[in-house]
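Under the UniProt record's numbering, the first residue of the sequence shown carries the number 1, and numbering increases by one thereafter.
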Amino acid sequence: MEQAPFVQRAFSGGFELIEKDEPWNWAVKDVKALKRLITEGKKPPEGRVDLVISPEVAGIAVHESVGHPYESDRIFGREAAQAGESFVKPDMLGERIGSDVVTVIDDPTIPNSWGFYLYDDEGVKARPRYLIRNGIITEFLTNREYAAKLGQRSNAAARAINYNREPIVRMANTYLAPGDHSFEELIEDIKLGVYMVSFNEWNIDDRRYQQRYIGREAYLIENGEIKHPVRRPILEITTRALWSSVDAVGKDVEFYPGTCGKGEPGQGVPVWMGGAHARLRDIPLRRP
């Protein structure tokens, strides 16, 4: 998927949120970063290096490689002829999929969030869903139908865009939970690596296992310091390898909006994706 260089911010609430966030500042920051990339950007390192990903990149990764494959209707094959299948199987609850520092949450109840709701479209009270807790698969997104198949209660993931559409299993606000590292601590012992701030392109297979992210704004990390911009670093990795390579997560949390598509007829619902910075050790990085 190609993403044009634009800035998008979204909340639920009143105009006071626009005044608080000042989205024009995000646009100015993005333009300055792109100008520097064009004028100063160099080739990224190749081979196995360390990688720090921003909340924006972490967000698209959790949305695509955790959120979608953990949708229970997809796990049971309902989406096979539409958006695809899932590498996740019902008996994988309790299985390790990442390192101890990886926790991924989908939470509809975050105030003023883009994916906010307190009850889903089957009348079930919403709560945070811990899809991964300390590297272990702990929960799938369910509605009443698929929760019953799993012998569980629904965790309020049924959403519909209108009265004349079927409520189906959807994400809300999916994010990588924060850890205890400052940004400086994440980069201080990296001898050679890349900091990927944003992405220009992503794609993932229909089982949500093999994926690729191409950086847009990105920088060389050398001896614990941020150096010059690098052009289009490419991360190609499996879902298990991605989350298993994370050895530290930042304290900060940021969210980015999207309209998540699913179903036939298609239903686009508002979602947030994001989380904290994360450090990935010894991962394969390519050049264009």
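For every residue, glycine included, the Cβ atom is placed at its ideal position computed from N, Cα and C.
- Rounded to the nearest whole angstrom, the CA to CA distance from R36 to P229 is 7 Å.
- By the criterion of at least three beta-carbon pairs nearer than 8 Å, the stretch 162-179 is in contact with the stretch 103-121.
- Assigned with DSSP and collapsed to three states, I214 falls in strand.
- The stretch 234-244 makes contact with the stretch 90-105, as at least three CB pairs between them are under 8 Å.
- When Cβ pairs closer than 8 Å are counted between the two stretches, the stretch 175-183 is seen not to touch the stretch 134-151, the count staying below three.
- DSSP places G224 in the coil class of the three-state scheme, outside both helix and strand.
- Per DSSP, the unbroken alpha helix (DSSP H) holding E145 starts and ends at R144 to K149.
- Within the same chain, K43, P44, E46, R232, P233 and I234 come within 8 Å of R287 by CB-CB distance, once the 5 residues on both sides are set aside.
- Look at M196 here: in three-state DSSP terms it is strand.
- Here A160 carries a coil assignment [DSSP, helix/strand/coil].
- Annotated three-state conformation of R281 is strand, per DSSP.
- In this structure V104 touches V66 by the C-beta definition: roughly 5 Å separates them, less than 8 Å.
- By the Cβ-count criterion, R153 is exposed, with fewer than 16 other Cβ atoms from all chains shown falling within 10 Å of its own Cβ.
- Residue environment: V31 is assigned as exposed (fewer than 16 neighbouring CB atoms within 10 Å of its CB, all protein chains considered).
- Residue environment for V269: buried (at least 16 other C-beta atoms within 10 angstroms of its C-beta).
- Assignment of beta-bridge partners to I137 by DSSP yields I132.
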